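Asker:
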Amino acid sequence: MDYSSYPRNDVLCIDMRSFYASVEAVKLGLDPMKALVAVVGDPNRSGSIVLAASPELKRKHGVSNVSRFFELPNDPDIHIVRAHMADYLQVSVEITKLIHQYVPMDAIHQYSVDEVWVTVNGLKRLFGDCREVAHKIKQEILDNFGITCSIGIGDNKFLAKVVMDLHGKKVGIAECRYEDVKEKLWPFPVKDIWGIGGRMKRNLNRMGIVTLGQLANFSLELLKKRFGVMGEQLYWHAWGIDLSPVYGDFTKTDQKGFGHGISLLRDYTKEEVSICILDLCEEVCRRARTAEKVGKTIHLGIAYSKETGGGFSRSRSVPLPTNVTMDVYRICMQLFHEFYDGESNIRHVYVTLDNLFDKGEIQLNLFEDRSKKTDIGYVMDAIREKYGATAILRATSYTDAGVTLDRSKKIGGHNA
Numbered sequence: 001m002d003y004s005s006y007p008r009n010d011v012l013c014i015d016m017r018s019f020y021a022s023v024e025a026v027k028l029g030l031d032p033m034k035a036l037v038a039v040v041g042d043p044n045r046s047g048s049i050v051l052a053a054s055p056e057l058k059r060k061h062g063v064s065n066v067s068r069f070f071e072l073p074n075d076p077d078i079h080i081v082r083a084h085m086a087d088y089l090q091v092s093v094e095i096t097k098l099i100h101q102y103v104p105m106d107a108i109h110q111y112s113v114d115e116v117w118v119t120v121n122g123l124k125r126l127f128g129d130c131r132e133v134a135h136k137i138k139q140e141i142l143d144n145f146g147i148t149c150s151i152g153i154g155d156n157k158f159l160a161k162v163v164m165d166l167h168g169k170k171v172g173i174a175e176c177r178y179e180d181v182k183e184k185l186w187p188f189p190v191k192d193i194w195g196i197g198g199r200m201k202r203n204l205n206r207m208g209i210v211t212l213g214q215l216a217n218f219s220l221e222l223l224k225k226r227f228g229v230m231g232e233q234l235y236w237h238a239w240g241i242d243l244s245p246v247y248g249d250f251t252k253t254d255q256k257g258f259g260h261g262i263s264l265l266r267d268y269t270k271e272e273v274s275i276c277i278l279d280l281c282e283e284v285c286r287r288a289r290t291a292e293k294v295g296k297t298i299h300l301g302i303a304y305s306k307e308t309g310g311g312f313s314r315s316r317s318v319p320l321p322t323n324v325t326m327d328v329y330r331i332c333m334q335l336f337h338e339f340y341d342g343e344s345n346i347r348h349v350y351v352t353l354d355n356l357f358d359k360g361e362i363q364l365n366l367f368e369d370r371s372k373k374t375d376i377g378y379v380m381d382a383i384r385e386k387y388g389a390t391a392i393l394r395a396t397s398y399t400d401a402g403v404t405l406d407r408s409k410k411i412g413g414h415n416a
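Take 1 as the starting number for the sequence shown in full-length UniProt numbering and just add one per residue.
#1: Between 310, 327, 312, which lies nearest to residue 318 when the distance is taken from Cα to Cα?
#2: Give the single residue among 229, 258, 400, 7 whose Cα lies nearest to the Cα of residue 243.
#3: So is residue 86 buried or exposed if we call it buried at 16+ other beta carbons inside 10 Å?
#4: Quick one: is residue 164 buried, meaning 16 or more other Cβ sit within 10 Å of its Cβ, or exposed?
#5: Could you check the C-alpha separation between residue 14 and residue 112 for me, to the nearest Å?
#6: Apply the 10 Å Cβ neighbour rule to residue 364 and answer buried if 16 or more other Cβ atoms are within range, or exposed otherwise.
#7: Between the C-alpha atoms of residue 387 and residue 255, what's the straight-line distance to the nearest angstrom?
#8: Does the separation of the CB atoms of residue 119 and residue 205 fall below 7 Å?
#9: Could you tell me whether the Cβ atoms of residue 234 and residue 260 are closer together than 7 Å?
#10: Between residue 208 and the rest of its own chain, which residues show a CB-CB distance below 8 Å, the 5 nearest in sequence each way excluded?
#11: Pick helix, strand or coil for residue 327, following the three-state DSSP scheme.
#12: Please list, in chain order, all residues of the same chain as residue 42 whose beta carbon is under 6 Å from its beta carbon, the five residues on each side excluded.
#13: Check residue 6 in the structure and name its three-state DSSP category.
#14: Comparing alpha-carbon positions, which option in 218, 383, 274 lies nearest residue 302?
#15: From residue 283 to residue 171, what does the alpha carbon distance come to, in whole angstroms?
#16: How far does the beta strand (DSSP E) with residue 150 in it reach, from first residue to last?
#17: Report the partner residues of residue 13 according to the DSSP bridge assignment.
#18: Given this structure, state the Cα-to-Cα distance separating residue 144 from residue 32, to the nearest angstrom.
#19: Taking C-beta to C-beta, are residue 321 and residue 294 nearer than 7 Å?
#20: Can you find the residues in the same chain that come closer than 8 Å, C-beta to C-beta, to residue 336, ignoring five residues on each side of it along the sequence?
#21: Candidates 199, 267, 167: which alpha carbon is nearest residue 187's?
#22: Could you check what DSSP says for residue 294 in three-state terms: helix, strand or coil?
#23: Provide the residue span of the beta strand (DSSP E) that contains residue 268, from first to last.
#24: Classify residue 75 as helix, strand or coil using the three-state DSSP reduction.
#25: Roughly how many angstroms lie between the CA atoms of residue 159 and residue 115, to the nearest whole one?
#26: Can you list, in chain order, the residues of its chain whose CB lies under 7 Å from that of residue 329, leaving out five sequence neighbours each side?
#27: Kindly give me the distance between the Cβ atoms of residue 21 and residue 39, rounded to whole angstroms, as I take these residues to be in contact under 8 Å.
#28: Rounded to the nearest angstrom, what separates residue 28 and residue 257 at their Cα positions?
#29: Measure the C-alpha to C-alpha separation of residue 333 and residue 383 and round it to an integer number of angstroms.
#30: Just the C-alpha distance for residue 381 and residue 375, rounded to the nearest angstrom, thanks.
#31: State the CB to CB distance for the pair residue 424 and residue 297, rounded to an integer number of angstroms; the pair is presumed to be in contact (CB under 8 Å).
#32: Quick one: any contact between the segment 126–145 and the segment 68–88, if contact means 3 or more CB pairs under 8 Å?
#33: DSSP state of residue 228, grouped into three classes?
#34: Hey, quick one: how far does the beta strand (DSSP E) through residue 311 stretch, first residue to last?
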């Protein structure tokens with residue numbers, strides 16, 4: 001492969017080691033790399049997920065971030081801590097501010113709360129080469145927050161991310177340039193490569209592709225024929241080539257739709273789920289109104305409890321685009337009554353509004369006051385904006401089946 005025509009940048013991918021657990025360990029005055037810490041979504045529920053396990057807990061007991069609370073070993077040295085999402089977000093913001101001391105904000109791409117890409121081109125005269133910059137940032141994060149991070153360095157985001165995952169987490173800082181791809185990346189199985197999930201891994205394995213090297217040397221035409229554009233991307237990634245931007249505004253600006261879903265804490269009956277659906281419709285339409293959008297297609301998804309399994313996912317379009325809560329709710333309930341099996345308990349619900357249009361003039365209707373219905377939603381939004389998300393709610397939200405009150409106390413579905 002001739003890499004002479006491809007861009008070369010100094011990109012760092014910085015990952016905070018067991019971020020949630022590390023923050024909690026520091027709060028407890030413990031060493032994040034040596035303490036046994038498990039961050040649990042809700043310790044009052046035995047089935048609650050372990051959101052983060054400290055490195056030592058992973059090493060000693062094999063606990064992973066998908067383990068359940070009841071699966072934790074009976075070890076008195078384990079510190080079980082409830083998740084505090086607001087604390088993790090605040091620390092993440094402060095770490096970004098620290099990185100901003102080295103580079104402008106448009107060189108920082110926040111990938112998640114605990115992972116960030118940073119382009120450090122042109123810093124040699126100020127801070128040294130990219131590896132020296134990586135060492136400085138790594139040490140400053142440790143000194144200021146007590147958190148250890150792993151860093152990958154590459155010519156682009158893909159190389160920086162993959163070398164961090166495969167090598168940086170073992171040695172602290174790892175580097176992979178175009179010329180290093182064959183040696184440092186090709187021997188690894190495709191399942192270890194960022195961007196290749198379980199389903200894609202199985203498809204590739206069926207084609208005789210097990211390692212990244214085999215993927216790189218497979219026929220590009222056959223990959224495109226089998227996977228389309230995704231097959232082409234896989235091929236170029238296997239050669240270490242990634243043309244995604246390394247500077248600029250990385251926030252999404254093209255909103256395709258508005259969705260909101262919830263995994264319920266208990267099984268809901270047919271009668272109870274209508275209240276949950278109404279709460280979700282309210283949130284979806286509030287977001288649409290805030291963006292000054294209306295939508296024509298309404299989607300309802302229902303998953304039944306584990307005992308029965310299954311569920312359904314159906315959508316329906318309306319003649320006039322809307323962001324009125326009760327319009328969306330009416331369609332959702334139509335879908336529910338049509339496709340619900342009539343017996344199963346329900347454990348997961350989601351509602352989406354898509355096929356979006358800019359909010360324009362309201363088309364009048366002789367049989368209903370559409371202007372009044374629309375205005376009510378905006379008035380409720382204004383009250384919530386000024387006095388808080390729970391300042392005004394529908395009466396059903398205060399029942400045992402309502403989900404809005406409980407979710408208002410959480411960030412990302414977990415305790416703030």
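Don't be surprised by glycine CBs; every beta carbon is placed ideally from N, CA and C. What you are looking at is a predicted structure, and each value in this text was computed from that prediction instead of being measured.
Answerer: The structure says:
#1: Position 318 of the sequence shown, counted from the first residue, corresponds to residue 318. Answer by Cα proximity: 327.
#2: Within the sequence shown, the letter at position 243 stands for residue 243. With distances taken between Cα atoms, residue 243 lies closest to 7.
#3: Taking the first residue of the sequence shown as 1, we reach residue 86 at position 86. Label assigned to residue 86: exposed.
#4: Stepping through the sequence shown from its first residue, residue 164 is reached at position 164. Residue 164 comes out buried.
#5: By 1-based counting over the sequence shown, the position of residue 14 is 14. By 1-based counting over the sequence shown, the position of residue 112 is 112. Residue 14 and residue 112: Cα-Cα distance of roughly 11 Å.
#6: On the sequence shown, position 364 is the one that residue 364 refers to. Any answer about residue 364 is weak, because its pLDDT of 49 lies below 50 and its placement is not dependable; what the coordinates show is given next. Classification for residue 364: exposed.
#7: Position 387 of the sequence shown, counted from the first residue, corresponds to residue 387. Position 255 of the sequence shown, counted from the first residue, corresponds to residue 255. Taking the straight line from one Cα to the other gives about 27 Å.
#8: Walking along the sequence shown from the start, residue 119 turns up at place 119. Walking along the sequence shown from the start, residue 205 turns up at place 205. Contact: no.
#9: Position 234 of the sequence shown, counted from the first residue, corresponds to residue 234. Position 260 of the sequence shown, counted from the first residue, corresponds to residue 260. No. Outside cutoff.
#10: In the sequence shown, the residue the question calls residue 208 occupies position 208. Taken in chain order, the residues that qualify are 214.
#11: Position 327 of the sequence shown, counted from the start, is the residue given in the question as residue 327. Helix, per DSSP.
#12: Stepping through the sequence shown from its first residue, residue 42 is reached at position 42. Only 48 meet the Cβ criterion.
#13: Locating residue 6 in the sequence shown gives position 6, counting from the first residue. If DSSP states are grouped into helix, strand and coil, residue 6 belongs with coil.
#14: As a position in the sequence shown, residue 302 is number 302, starting the count at 1. Checking every option, the nearest Cα to that of residue 302 belongs to 274.
#15: Reading the sequence shown from its first residue, position 283 is the one you call residue 283. Reading the sequence shown from its first residue, position 171 is the one you call residue 171. Going from the Cα of residue 283 to the Cα of residue 171 covers about 45 Å.
#16: Your numbering for residue 150 matches position 150 in the sequence shown. Where residue 150 is concerned, the enclosing beta strand (DSSP E) stretches over 149–154.
#17: For the purposes of this step, residue 13 is identified with residue 13 of the sequence shown, where counting begins at 1. Paired residues: 117, 152.
#18: Along the sequence shown, one-based indexing puts residue 144 at 144. Along the sequence shown, one-based indexing puts residue 32 at 32. The straight-line gap from Cα to Cα measures roughly 14 Å.
#19: Here residue 321 corresponds to residue number 321 of the sequence shown, with the count starting at 1. Here residue 294 corresponds to residue number 294 of the sequence shown, with the count starting at 1. Residue 321 places its beta carbon less than 7 Å from that of residue 294.
#20: Residue 336 sits at position 336 when you count from the first residue of the sequence shown. 273, 274, 277, 300, 302.
#21: Indexing the sequence shown from 1 puts residue 187 at position 187. Taking residue 187 as reference, the option from 199, 267, 167 with the minimal CA-CA separation is 167.
#22: Mapped onto the sequence shown, residue 294 falls at position 294. Note: residue 294 maps to strand in three-state DSSP.
#23: For this step, residue 268 is matched to residue 268 along the sequence shown. Looking at the DSSP string, the run of the beta strand (DSSP E) that includes residue 268 is 257–268.
#24: Stepping through the sequence shown from its first residue, residue 75 is reached at position 75. It is coil, neither helix nor strand.
#25: Within the sequence shown, the letter at position 159 stands for residue 159. Within the sequence shown, the letter at position 115 stands for residue 115. Their backbone Cα atoms lie some 15 Å apart in a straight line.
#26: Counted from its first residue, the sequence shown places residue 329 at position 329. Result list for residue 329: 277, 278, 281, in chain order.
#27: Position 21 of the sequence shown holds residue 21. Position 39 of the sequence shown holds residue 39. Yes, they are in contact, since the Cβ atoms of residue 21 and residue 39 sit about 5 Å apart, within 8 Å.
#28: In the sequence shown, the residue the question calls residue 28 occupies position 28. In the sequence shown, the residue the question calls residue 257 occupies position 257. In a straight line, the C-alpha of residue 28 is about 42 Å away from that of residue 257.
#29: Within the sequence shown, the letter at position 333 stands for residue 333. Within the sequence shown, the letter at position 383 stands for residue 383. If you take the alpha carbons of residue 333 and residue 383, they lie about 27 Å apart.
#30: Numbered from 1 along the sequence shown, position 381 holds the residue referred to as residue 381. Numbered from 1 along the sequence shown, position 375 holds the residue referred to as residue 375. Annotation: residue 381 to residue 375 spans about 10 Å, alpha carbon to alpha carbon.
#31: Residue 424 is absent from the structure shown; the chain starts at 1 and stops at 416.
#32: no
#33: Along the sequence shown, one-based indexing puts residue 228 at 228. Coil, per DSSP.
#34: To locate residue 311, count along the sequence shown from 1; it is residue 311. It spans 311–322 - the beta strand (DSSP E) in which residue 311 sits, taken as one unbroken run.
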